[in-house]
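Asks: Here it is, the structure, as structure tokens.
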Amino acid sequence: MFLDPPVRQPRSCVTLIIMASLWLALLGNLSLWRSLIALPDLTGWHGLFFGAAFALVIACIVAAVLSLFAWRFTLKPAITLLLLLAAFATHYMLMYGIVVDTPMLINVLQTDNKEARDQLSWRLLITVLLLAALPIVWLWRQPMTQPGIGKQAIQNICLLGAALALAFGTTQLVFQDFSSLMRNYTEMRYQINPLNSIYAVLDMTVIPAEQPRGPMQPLGEDAHIVPHAGAATPRPPLLVFVLGETARSHNFSLNGYERNTNPQLAKENVTSFTRVSSCGTSTAESLPCMFSHLGRNAFDKRISEFENLLDVLNHAGYAVLWMDNQSGCKGQCARVPYVNTSDLKIPEYCEGDECRDTVMLARIEVELAKLSPERRARGTVVVMHQMGSHGPAYFKRTPAEFKPFTPECTDTSLSQCDRAQVVNAYDNTIVFTDYFLSRVIGWLKTQEKTSTPAMLYVSDHGESLGEKNMYLHGLPYSVAPPEQTTVPMITWLSPGFEQLSRVSTKCLQNNRDKAMSHDNLFHSVLGLMAVKTTAYQRDRDFFATCEGR
């Protein structure tokens, strides 16, 4: 005679919410507890009591959130979503020392398939399995009680009120420590799982107060080209603006780095600026800001979207082209010719599903020929968006012949490698960027018979390579280390361009240590290209101080 399987006792919504909230608060916040333990302010029994109170506050707030979904058909999906969010966030925070905020969520949503594959690892699988998959399986096997709608509504309201009251009361017990922690270690508020993800989603969707709204505002429609008086050459200007990816200024030997990461550029008459600050700490944040006329502070507070630098150059009559070897232009090239080279299958330049940045040089003349001859006669601006030093798979960014620094880290979970190996892999990407930029300059020199060429290179943001156990980028700007916000900027002006623009390379080199930022880019490019418009601000043009010198 076979025994009947044990009958599972139905569980109420309140029971499931309490269990899920405690799980998320304790195991879903391993990164937070690691950071808390490392603080010198909270040690011994005092620190243990504060940690327990902090966990209880998190559990109560999570319970309050789940009480809004405490219905038979919505509770399990809501808990499942929070478990998955917490598991993925925990993995990346533990592995790379990042935090979860709105810009980071935007980065995730804009990640393409190739970038996503670089992030996959068996450690991610194990983390998600233990923190999310197993409890999710258990959750969906639990039968639930089925009270009436009215009774369930009363239970939900009571749970919401009790959770918020307990959270408030517990916070008051440790208020002094809690307020000090949030004030002195701001980044910790972005480590609280899954509340960080919930807030980021709300900030992107239903918190409209500070979000840009309304139609795209025109900018620089009065723009026109005003050649510098006395220019002797009739050849039109040709500017290649290389938009770097994840390059940090500190690792450029042109800026004093002890390793020779710029052997090719050192042979050229370039200017490498040493104190350039980025608009943000991620591509999604920095790229739209650096092409804007507003500057970082005003850009963050804008209530309308505006046309950008490329639109103004287009209004002025220049031929403009965006070449992308990355995951897109974040909307900045929406109104100018665009070509994506990252999917080309040219054996000489491409391997697997990735193409080296040099593939853009292989296509540039073909793509330039497609532009309006009338506009090209006035001048041309080409933006080349690099793959550059995109991590965490730095080792994939460089071919074998460009790996002078070994051994290099080949694990995308960077914290599992020896830090020296991480730095080796990253420095190799800078060596390849140096080669690519030298190739750009070499190509520009071949164009001097028909144009007046120049190159401007600047990275979108920097990168952490294990300093203070932080990797990659994307920390909130207010707490980001200089490794993530100090970026390289390099200029090369041909003799003809110096004559045309009256900007002296020698003067630029004398000013290379002057502090500047992405705020200067919009106005500096317009000044360099002799564009007159009411959108231009001469005091933000870093080339202006070297005109005529």
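If you're matching positions, the sequence shown starts at 665 in the working numbering and goes up one per residue. For each residue, glycine too, the CB sits at the ideal point set by N, CA and C. As the structure is a computational prediction, the values presented were derived from the model and not from experiment.
Going by C-alpha to C-alpha distance, which of L758, V940, Q881 sits closest to V1151?
Replies: V1151 has its Cα closest to that of V940, out of L758, V940, Q881.
Asks: For R736, count neighbouring C-beta atoms within 10 Å of its own C-beta (all shown protein chains included) and say buried if the count is 16 or more, exposed if not.
Replies: Flag for R736 reads exposed.
Asks: Within the chosen definition, does the region 717 to 727 reach the region 791 to 810 through at least 3 CB pairs nearer than 8 angstroms?
Replies: These segments do not touch.
Asks: Quick check on C1019: does DSSP put it in helix, strand or coil?
Replies: Note: C1019 maps to strand in three-state DSSP.
Asks: I believe D1124 touches E909 by the beta-carbon criterion, under 8 angstroms. Please report the beta-carbon distance rounded to the nearest angstrom.
Replies: Confirmed, about 6 angstroms.
Asks: Checking the sheet assignment: what are the DSSP bridge partners for F970?
Replies: For F970, which the question treats as bridged, DSSP gives the partners Q881.
Asks: What are the boundary residues of the alpha helix (DSSP H) that W786 is part of?
Replies: W786 -> alpha helix (DSSP H) spans 786 to 792.
Asks: With three or more C-beta pairs closer than 8 angstroms as the rule, is the region 792 to 799 touching the region 707 to 722?
Replies: Output reads no: the region 792 to 799 does not touch the region 707 to 722.
Asks: Take R999 and list the residues in its own chain whose beta-carbon comes closer than 8 angstroms to its own, dropping the five residues that flank it on each side.
Replies: Counting only Cβ-Cβ distances below 8 angstroms, and skipping sequence neighbours, we find E971, L974, D975, N978.
Asks: Where do the N-terminal and C-terminal ends of the beta strand (DSSP E) with P1152 fall, by residue?
Replies: Run containing P1152: 1150 to 1157, per the beta strand (DSSP E) assignment.
Asks: Going along the chain, which residues of its own chain have a beta-carbon closer than 6 angstroms to the beta-carbon of Y760, five neighbours each way excluded?
Replies: Closer than 6 angstroms at Cβ, skipping near neighbours: Y1135, L1136.
Asks: What's the gap between the Cα of P927 and the Cα of V1046?
Replies: Rounded to whole angstroms, P927 to V1046 spans 25 angstroms at the Cα level.
Asks: Just verifying my parser: in three-state terms, what is the DSSP assignment at K1067?
Replies: Note: K1067 maps to coil in three-state DSSP.
Asks: Could you please give me the residues that DSSP links to M1248 through a beta bridge?
Replies: Because the chain is modelled from 665 through 1213, residue 1248 falls outside the range shown and cannot be assessed.
Asks: Are the region 1103 to 1119 and the region 1058 to 1072 in contact at 8 angstroms, needing three or more beta carbon pairs?
Replies: The region 1103 to 1119, when compared against the region 1058 to 1072, does not touch it at the 8 angstroms Cβ threshold.
Asks: Specify, as a first and last residue, the run of the alpha helix (DSSP H) that A817 falls within.
Replies: 813 to 837 is the span of the alpha helix (DSSP H), which, as asked, contains A817.
Asks: Can you pull the DSSP bridge partners for D964?
Replies: Paired residues: none, contrary to the question.
Asks: Is T938 helix, strand or coil when you go by DSSP?
Replies: Strand, per DSSP.
Asks: Could you compute how far the alpha carbon of F955 sits from the alpha carbon of L1008?
Replies: Distance between the alpha carbons of F955 and L1008 is about 27 angstroms.
Asks: Would you say V1003 lies against chain C (beta-carbon separation less than 8 angstroms)?
Replies: Of the protein chains in the structure, only one exists, and it is not chain C.
Asks: Classify A1089 as buried or exposed, calling it buried when 16 or more other Cβ atoms lie within 10 Å of its own Cβ.
Replies: Burial call: buried.
Asks: Determine which residues share a DSSP beta bridge with Y1200 and list them.
Replies: According to DSSP, which records beta bridges pairwise, Y1200 is partnered with nothing at all.
Asks: Just mark V801 as buried or exposed, buried being the case when its beta carbon has 16 or more other beta carbons within 10 Å.
Replies: Looking at its Cβ environment, which holds fewer than 16 other Cβ atoms inside 10 Å, V801 is exposed.
Asks: Give the range of the alpha helix (DSSP H) segment to which T947 is assigned.
Replies: That run of the alpha helix (DSSP H) goes 947 to 954.
Asks: If we ignore side chains and look at the alpha-carbon of each, how far apart do G692 and L845 end up?
Replies: Approximately 20 angstroms, taken between the alpha carbons.
Asks: For a minimum of 4 consecutive residues, which ranges assigned as the alpha helix (DSSP H) are wholly contained in the region 1081 to 1128?
Replies: Segments of the alpha helix (DSSP H) lying fully in the region 1081 to 1128: 1083 to 1110.
Asks: Identify whether T1169 lies in helix, strand or coil by the three-state DSSP scheme.
Replies: Of the three classes helix, strand and coil, the one that applies to T1169 here is helix, per DSSP.
Asks: With distances taken Cα to Cα, identify the nearest neighbour of E1127 among Q1148, Q840, E1112.
Replies: Per the Cα distances, Q1148.
Asks: For the beta strand (DSSP E) that L985 lies in, which residues bound it at each end?
Replies: That run of the beta strand (DSSP E) goes 983 to 988.
Asks: Tell me which residues share the same chain as M852 and place their Cβ nearer than 8 angstroms to its Cβ, disregarding the 5 neighbours each side in the sequence.
Replies: Answer for M852: L696, S699, L700, L845, M846, listed in chain order.
Asks: Mind checking whether T1093 and G1138 have CB atoms under 8 angstroms apart?
Replies: Cβ atoms of T1093 and G1138: not closer than 8 angstroms.
Asks: Quick one: what's got a C-beta closer than 8 angstroms to E1036's C-beta in the same chain, skipping five residues either side?
Replies: Correcting the residue type first, residue 1036 is Ser in the shown sequence and not Glu. Closer than 8 angstroms at Cβ, skipping near neighbours: A983.
Asks: Cβ atoms of T1005 and C1019: under 8 angstroms apart, would you say?
Replies: Against a cut-off of 8 angstroms, the Cβ pair of T1005 and C1019 comes out as a contact.
Asks: Helix, strand or coil for T1044 per DSSP?
Replies: Strand.
Asks: Tell me the DSSP secondary structure of A873 in three-state form.
Replies: Unreliable positioning characterises A873 in this predicted model, as indicated by a pLDDT of 49, which lies under 50. The coordinate reading is nonetheless provided below. Residue state, collapsed to three classes: coil.
Asks: Report the option in D1177, N1175, A980, F1206 whose CA atom is closest to the CA atom of N1184.
Replies: Answer by Cα proximity: F1206.
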